[in-house]
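Just remember that the numbering used here sits 496 ahead of the position in the sequence shown, which is counted from 1. Cβ coordinates follow ideal geometry from the N, Cα and C atoms, glycine included.
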Amino acid sequence: QKPDIRNMRLRFALRQVIILTPCLMISYLWQSNNIYWLVISVFFMMIPFTEHTVQRVRQRIFGTMAGILLCFVFFTLFPDFASRVVIMTVANFMIYAADGYGPMVAFITCSALQSIDSSVPIVLLQRLVYTLTGAGIALLANKYIFPVRIRKQMQYLFELLKSIRTKLTEVDAHTTPGEDVRRHQIDQ
Numbered sequence: 497q498k499p500d501i502r503n504m505r506l507r508f509a510l511r512q513v514i515i516l517t518p519c520l521m522i523s524y525l526w527q528s529n530n531i532y533w534l535v536i537s538v539f540f541m542m543i544p545f546t547e548h549t550v551q552r553v554r555q556r557i558f559g560t561m562a563g564i565l566l567c568f569v570f571f572t573l574f575p576d577f578a579s580r581v582v583i584m585t586v587a588n589f590m591i592y593a594a595d596g597y598g599p600m601v602a603f604i605t606c607s608a609l610q611s612i613d614s615s616v617p618i619v620l621l622q623r624l625v626y627t628l629t630g631a632g633i634a635l636l637a638n639k640y641i642f643p644v645r646i647r648k649q650m651q652y653l654f655e656l657l658k659s660i661r662t663k664l665t666e667v668d669a670h671t672t673p674g675e676d677v678r679r680h681q682i683d684q
């Protein structure tokens, strides 16, 4: 069967390759601290259906900002390494206990930032900039590069279903009435 450009999986896979490859190349060539956060942000915000992208981006941005705020407070109150290990452990546990994507991202951000030894304001700013840049890339990609819209995908799936029904009807028309019984007896 030939690939069909209307297929959601193919469109989403092509979008990911077209967008993530340059992001990975930039991250490799730039060699900046924490540039991989850009790739991760784009990857997790670029979801198959275009209609849900804005919600995912909003949750990721607010979750990241909440995590940055938590980190700033925790870095200020508990600057020593032992405290950071405890904070990271609790944040890692809360990732799996979080109810919703936004709170989960807040705990992921808090956990990721606890292990950084660099200048705190710079790292917090980097996290925000990479998340916002990733949000812009994901929004543009989901809108313009092989977008998958729910209504069009449903129409495509109904066409596939109709095609399958037609093929099954053709197979049924080519069998004689007693042939199925004889075939069943031979198989046993």
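Per DSSP, reduced to three states, the secondary structure at residue 642 is coil, with no helix or strand assignment. If you check the CB distance, residue 593 and residue 563 do not come in under 7 Å.
Ranked by Cα distance from residue 497, the first of 666, 609, 656 is 656.
In the structure shown, residue 574 falls within a coil segment according to DSSP collapsed to helix, strand and coil. Short of 8 Å from the beta carbon of residue 549, and not among the five residues preceding or following it, lie these beta carbons of its own chain, in chain order: 541, 542, 543, 634, 635, 638, 639. Of the residues 658, 545, 523, the one whose Cα lies closest to the Cα of residue 537 is 523.
The Cβ atoms of residue 627 and residue 560 lie closer than 7 Å to each other.
With a contact defined as Cβ atoms closer than 8 Å, residue 607 and residue 618 miss out at about 19 Å.
Around residue 557, the same chain offers 627, 628, 631 as residues with beta carbons nearer than 8 Å, after the five sequence neighbours per side are excluded. The residues 504, 507, 508, 544, 545, 546, in chain order, have a CB closer than 7 Å to that of residue 644 in the same chain once the five nearest residues on each side in sequence are set aside. Residue 526 and residue 533 have their alpha carbons spaced roughly 13 Å apart.
In the DSSP assignment, residue 589 is bridged to no other residue. Just measuring C-alpha positions, the residue of 664, 642, 669 sitting nearest residue 501 is 642. Nearest Cα to residue 528 within the set 651, 623, 665, 650: 623.
Counted as a single uninterrupted DSSP element, the stretch harbouring residue 545 is not any alpha helix (DSSP H), since DSSP gives it neither H nor E.
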